[in-house]
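So the sequence shown is numbered by numbering that gives the first Met the number 0: it starts at 0 and just counts up by one.
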Amino acid sequence: MIDPLFQPIQIGTLKSKNRICMPAMHLNMCDAFQVTDRMVDFYEARARGGAGIITVGYATVDDCSGSPFCLGAHEDAFIPGLTRLAAAIKTNGAKALVQLNHPGRYVRSSQIENRTPLAPSAIASRMTGETPKEMTREDIDSVIHGFRRAAFRVKTAGFDGLEVLSGTGYLISEFLSPVTNRRQDDFGGSLENRMRFGLKIIEAIRDAVGDAFPVLVRINGNDFMPGGNGREELQAYAVALTKAGVDALNINVGWHEARVPQITTAVPRGAFAYLARGIKERVGIPVMAGHRVHDVETARELIANEMCDMVAMGRALIADPCMPDKARQGREKEILHCIACNQGCFDRIRSGKFVKCLCNPKAGNEKANQTIKVEHPKQILVSGGGPAGMNAALSAWESGHTVTLYEKQKLLGGQLFLAAAPPGRSEFKLLARDLAHQISLTDIRVELGQEVNEEILEREKPDAVIIATGALPIDPPIPGANRPHVVQAWDILNGRASVGKKVVVVGGGAVGVETALFLTEKGTLSGDALKFLMVNKAEDPQFLYDLA
């Protein structure tokens, strides 16, 4: 039986060797809009790892459409860097696309040399706290022309196609949505009018690149914004885009400011694929599904069940660049899975730093973290079998050292099991499993249930000791903290202590909040129970909602 993930697919004139696409993501790896060595190294690794399509960006279309960390496509000066990036991806086996975008009111004035951001209407942005300028007809024409010129540049640079970002709350989706579009002209009001800006951009791009150059659009399946566009309106937009001649649709969900979680661990895998299916049923072009498609099993199932034609696997490929090849070669147990913690990627991007990964310490530093074999191997002892200890052991072993790993518990994983205890965080256990499996593929000697002491050190006689025993909980200087009814959060999360019905959690950081959620989850309906009761109409939906 042919694996549906590895069947080729045609997108216009582009043929992808498989159904796996790495979608465009903010990386913060550019310098003054220019491609950097770090960015080239990052994408080279993902292309070598077997992705069928890699979409870079987003790329800017004018000087108001992104910070200098963004990929630049708004001037000819950026073409050489774009050419280098396209070549790096293509020569390593993947098709190379660029995503073009204008962020509208989502860009901060400080990121665009203190210019006022543009938007269809002067409605303050919840993301930035700033009120944008309402675009004039001249502004609209200028932005459309910017997309046209940027499209021509990326084609000139040798990319295999391009994608237009038309969702997520950026400028095109701001025109689409009645939440942000209060215009009274032919770009506002009816859905037909609100679609006009996006459709004119596609028309301009087609004029610049011709009919044979693949053009994709990333659109929302649902904005998840009160008063905004839902499934029906966005399906209508998908149909209009198809009639306008786009070659494929990549289905996104939500705006950045939407209250519905979209990318966290709590979101079930493949939860939003129904939106891709709804659009696929109405158009005759390939449709891609994304958001929490983090493992090949989910991806394979979505394609086999005709929920979509391709899958967008972004953070999954940050965590393991070789995920496609491992799956194709029957080595799925070797995959390092993304656990949707967002700590190395999204959190760093929000802080103005380049992408890294909690699961993959090499991400973002592919060349700097290349393994170098040592001339004189040593005996290395690692104390602690949590994520730091396991990664240290693997790194030392890969360099050629002889490694022994000691862990005082009966299994590897350390505090990852604590992190996995709160609701919606169970995938931290997956990281423990993945790293332990990586250890099992080596000849690293693992000693479980033994805490390193002087006797062990005397017996092992290591040349070097790596201490990776983890952190300890803070003992707060609060009067009465040592009383019998006061317990540490860790003791609650690992089941060593219990509480009554009236609980005070002291501390509002991550541990405090997650402990509170852990306690409030007790006695609620499970997902399976909720589905059973709803499908069988056992109770009023509002009552079941309250129980959940």
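No residue lacks a Cβ here, since even glycine has one placed at the ideal position from N, Cα and C.
Note that this is a predicted model, so its numbers are computed, not measured.
So who's on the other strand from residue i, going by DSSP bridges?
i	result
Ile218	Ser165, Ile250
Leu561	Any answer about residue 561 is impossible in this case: the structure gives the chain only from 0 up to 547.
Thr115	Thr115 is not bridged to any residue.
Tyr42	Answer by DSSP bridge pairing: none, since Tyr42 is not bridged.
Leu96	Thr54, Gly160
Glu406	Leu447
Thr401	Gln378
Lys132	Leu117
Ser15	Ile8
Would you identify the three-state DSSP class for residue i, choosing helix, strand or coil?
i	result
Ile10	strand
Thr264	coil
Lys352	coil
Val34	coil
Met21	strand
Thr441	coil
Ser176	coil
Gly388	helix
Ala418	helix
Ile171	helix
Gln110	helix
Gln342	coil
Met224	coil
Asp539	coil
Gln3	Reading off the sequence shown, one finds Pro at residue 3, where the question assumed Gln. In this structure, Pro3 counts as helix in the three-state DSSP scheme.
Val245	coil
Met533	helix
His255	coil
Lys361	coil
Ser64	coil
Leu411	coil
Ser394	helix
Ala123	coil
Arg47	helix
Phe186	coil
Leu26	coil
What number of angstroms, rounded off, separates the C-alpha of residue i from the C-alpha of residue j?
i	j	result
Met322	Asp433	13 Å
Ile284	Met224	27 Å
Leu13	Ala85	15 Å
Ala46	Ala537	50 Å
Arg195	Gly209	20 Å
Thr403	Ile438	11 Å
Met24	Ile139	25 Å
Ile1	Ile88	26 Å
Thr59	Pro540	45 Å
Val534	Ala547	15 Å
Ala239	Leu198	8 Å
Gly511	Pro67	37 Å
Gly48	Pro320	5 Å
Asn249	Leu215	7 Å
Glu231	Ile473	51 Å
Val445	His255	44 Å
Cys356	Leu26	11 Å
Glu459	Ile379	9 Å
Ala288	Ala496	43 Å
Ile466	Ala387	9 Å
Val178	Val252	16 Å
Gly157	Ile78	9 Å
Ser165	Val354	23 Å
Gln6	Phe345	31 Å
Ser64	Ile122	18 Å
Ala270	Gln414	28 Å
Following the continuous beta strand (DSSP E) through residue i, name the residue where it begins and the one where it ends.
i	result
Gln378	378–382
Span of the alpha helix (DSSP H) holding residue i?
i	result
Val208	190–208
Ile284	That residue, Ile284, is in no alpha helix (DSSP H); it is neither H nor E in DSSP.
Gly145	136–155
Pro79	78–89
Phe271	Phe271 -> no alpha helix (DSSP H), and no H or E assigned at all.
Leu233	230–242
Phe212	Phe212 -> no alpha helix (DSSP H), and no H or E assigned at all.
Gln369	No alpha helix (DSSP H) contains Gln369, which DSSP labels as neither H nor E.
Tyr105	Premise fails: Tyr105 is in no alpha helix (DSSP H) and is neither H nor E.
For residue i, verify whether its CB is less than 7 Å away from any heavy atom of the ligand ADP.
i	result
Val502	The ligand ADP is not among the ligands present in this structure, which contains no ligands whatsoever.
Is there at least one Cβ from chain C nearer than 8 Å to residue i's Cβ?
i	result
Asp2	Absence of chain C from the displayed structure is noted, only one protein chain being present.
Which runs of the beta strand (DSSP E) spanning at least 3 residues fall entirely within the segment 451–530, listed in chain order?
Entirely contained in the segment 451–530, the beta strand (DSSP E) runs reaching 3 residues are, in chain order, 463–466.
Secondary structure, beta strand (DSSP E): runs of 3+ residues fully inside the segment 276–340:
Here the runs fully enclosed are 286–288, 309–311.
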